[in-house]
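Data first, discussion second: the structure below is written as structure tokens.
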Amino acid sequence: MKSYSLLIVAALFFFNSCKEKKEEVTETPNQKELKELAMGPYVLNEIASLENLQVFAITGEDEIKKEYTTLDKALKEKKVEVKETSNVNELSIDNNSDEAIFIHSGDIVKGGKQDRTVANDVIIPPRTKNVPLTSFCVEQGRWKPRQGERSDKFEGNSKMLSSKKLKLAAKYSNNQQKVWSEVSKEQHKLSSKLSKRTGNSVDVTQNKSATSLQLALESDELKKEKKELHTSVLKGLNEKENVIGYAYAINGEVYGVDMYTNKKLFNDLSAKITESIVTEAIAESNDSIPTKVRIEDVKKFIEQSKLAEGSHETKKINEATELKIRETKDGHLTFSSIDIDQKKWVHKNYIKKEKEENNKSTVLSTQRRR
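Here the sequence shown stands for residues -9 to 360, where the numbers follow my numbering.
Below, the structure is given as structure tokens:
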């Protein structure tokens, strides 16, 4: 009888242990969604949600092992020279190193006769001279060196385009007037929002050149306001292993997704990219509390870019870089930058056009094909 009682106690203990263990690992779909979401070989994780900005890390494995040096680092170490051509929409670059240089679409180069932004991703092979770079001016009016700068060369690349509309104006619309217009709007937004946030009158154009986006992004007031957001997002990215990209949402809307097939390249770019999206969030801030974007919404954003009917365009940027553009009927764009030597995309950007841009898509597509 005693043995029988012991068996019953043991069975009850085993049953309760299994039950407790099962309860520990069971998650509701909503709980799991808040943590991560698999997308084939990639996983989405929300890493930051501050004010009107949400940032999601994309983790995965390297697919390209090639070493790339960013333009920012190459200029600091004097491995390259970005040269003025006196043509607003074209610059020239010399790569004096044995390294492949990766120039990111939206990179701003400071100096010359006018600050410029590089329209598309470009890979510059080692030991190459006078490689042309398609560019757009982000400083209207100046056509001489600022004090302490050279007119024939560009001194650095610490910033990149800081709004979705600016990115689209440069790499989709290919329209200089639109770039200037969006620079002016961005400066006005930043001045207005910074004034409201600080309680002081802030004008980001009060500098050596009032039309320069670069100098506006160097504003001391902007540096102070974006510091906490910038630190929090970078901390979230750094705490995750194998991060190869990000998605971000502002005011409850997915603004863009960027993926890279080289972890070191993304890591080297992450501080500048983070600064760009934090600046955009400040410029787009308002008094309302936005609806939060779910991880599933980001996945759907990517899937819409892939699955919907659309048109394709391929451009050869230079001997090392090819650009593939996919455009869906509902305005989703995918820019895939191909490393020709590796026969693989190194950077893929998912973005959606503004409504007014979508209405012009047929005209613009025809113009680009010409």
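C-beta atoms are modelled at their ideal positions from N, C-alpha and C, and glycine is treated no differently. The model shown is predicted, which means the values in this text are computed figures rather than measured ones.
**Prompt:** Buried or exposed: Cys8, going by 16 or more other Cβ atoms within 10 Å of its Cβ?
**Reply:** A caution first: Cys8 carries a pLDDT of 42, below 50, which makes its placement in the model too unreliable to give a value.
**Asked** From this set, Leu207, Arg136 and Ser266, which residue's C-alpha is nearest Val45's C-alpha?
**Response** Put simply, of Leu207, Arg136 and Ser266 the residue whose alpha carbon is nearest the alpha carbon of Val45 is Ser266.
**Asked** Any idea if Asn190 is buried or exposed, counting beta-carbon neighbours within 10 angstroms, 16 or more meaning buried?
**Response** Residue environment analysis places Asn190 among the exposed positions, since fewer than 16 neighbouring C-beta atoms fall within 10 angstroms of its C-beta.
**Asked** If we ignore side chains and look at the alpha-carbon of each, how far apart do Ala239 and Glu129 end up?
**Response** In this structure, the straight-line span from the alpha carbon of Ala239 to that of Glu129 is close to 28 Å.
**Prompt:** According to DSSP, what are the bridge partners of Ile93?
**Reply:** Per DSSP, Val112.
**Asked** Just reading off the alpha helix (DSSP H) that Ala160 is part of, what are its end residues?
**Response** From DSSP, the alpha helix (DSSP H) with Ala160 extends over Lys154 to Lys161.
**Message:** Give me the DSSP bridge partner(s) of Trp335.
**Reply:** Paired residues: Ile328.
**Ile37 versus Lys230 - alpha carbon distance** = Our two residues, Ile37 and Lys230, have alpha carbons roughly 9 Å apart in a direct line.
**Asked** Taking the continuous beta strand (DSSP E) assigned at Leu151, which residues delimit it?
**Response** No beta strand (DSSP E) contains Leu151, which DSSP labels as neither H nor E.
**Asked** Out of curiosity, what's the CA-to-CA distance linking Glu317 and Asp331?
**Response** So the two alpha carbons sit approximately 25 Å from each other.
**Message:** Quick check: the Cα distance between Leu184 and Gln196, rounded to an integer number of angstroms?
**Reply:** Cα-Cα distance, rounded: 14 Å.
**Asked** So, do the region 272 to 284 and the region 292 to 312 have three or more beta carbon pairs nearer to each other than 8 Å?
**Response** No: the two stretches stay apart, fewer than three of their Cβ pairs being nearer than 8 Å.
**Asked** Using a C-beta cutoff of 7 Å, does Gly300 count as contacting chain C?
**Response** In the structure shown, chain C cannot be found, because there is only a single protein chain.
**Message:** Quick check on Ile279: buried or exposed, where buried means 16 or more other Cβ atoms within 10 Å of its Cβ?
**Reply:** By the neighbour-count rule (16 or more Cβ atoms within 10 Å), Ile279 is not buried but exposed.
**Request:** Kindly list the residues whose CB is nearer than 6 Å to the CB of Lys343, restricted to its own chain and excluding five residues on each side of it in sequence; keep chain order.
**Result:** In the same chain as Lys343, and ignoring 5 residues on each side of it, the C-beta atoms closer than 6 Å to its own belong to Gly321, in chain order.
**Message:** Here's a check: name, in chain order, each residue in its chain whose Cβ is nearer than 8 Å to the Cβ of Arg136, leaving out the five neighbours to either side.
**Reply:** Around Arg136: Gly101, Lys198 and Ser199.
**Message:** Here's a check: name, in chain order, each residue in its chain whose Cβ is nearer than 8 Å to the Cβ of Asp84, leaving out the five neighbours to either side.
**Reply:** Result list for Asp84: Val70, Glu71, Lys73, Thr118, Lys119, Asn120 and Val121, in chain order.
**Three CB pairs or more closer than 8 Å across the region 146 to 155 and the region 171 to 188** = The answer is yes - the region 171 to 188 touches the region 146 to 155, with three or more Cβ pairs under 8 Å.
**Message:** Give me the residue from Ile113, Ser202 and Thr251 with the minimum Cα distance to Lys55.
**Reply:** Of the listed residues, the one whose Cα sits closest to Lys55 is Thr251.
**Request:** Just tell me which of Lys254, Val223 and Lys143 has its CA closest to the CA of Glu80.
**Result:** Nearest of Lys254, Val223 and Lys143 to Glu80, Cα basis: Lys143.
**Message:** Give me the residue from Ser39, Thr59 and Leu158 with the minimum Cα distance to Glu218.
**Reply:** Nearest option by C-alpha distance: Ser39.
**Prompt:** Between which two residues does the beta strand (DSSP E) carrying Gly226 extend?
**Reply:** Gly226 -> not in any beta strand (DSSP E); alpha helix (DSSP H) instead, spanning Asp210 to Glu229.
**Prompt:** Looking at Tyr58 and Ala28, is the spacing between their C-beta atoms short of 7 Å?
**Reply:** For Ala28 and Tyr58, no; Cβs fall outside 7 Å.
**Asked** Who are the Cβ neighbours of Lys253 in its own chain at under 6 Å, not counting the five residues just before and after it?
**Response** A distance below 6 Å between beta-carbons, with the five flanking residues on each side excluded, links Lys253 to the following residues of its chain, in chain order: Asp52 and Ile234.
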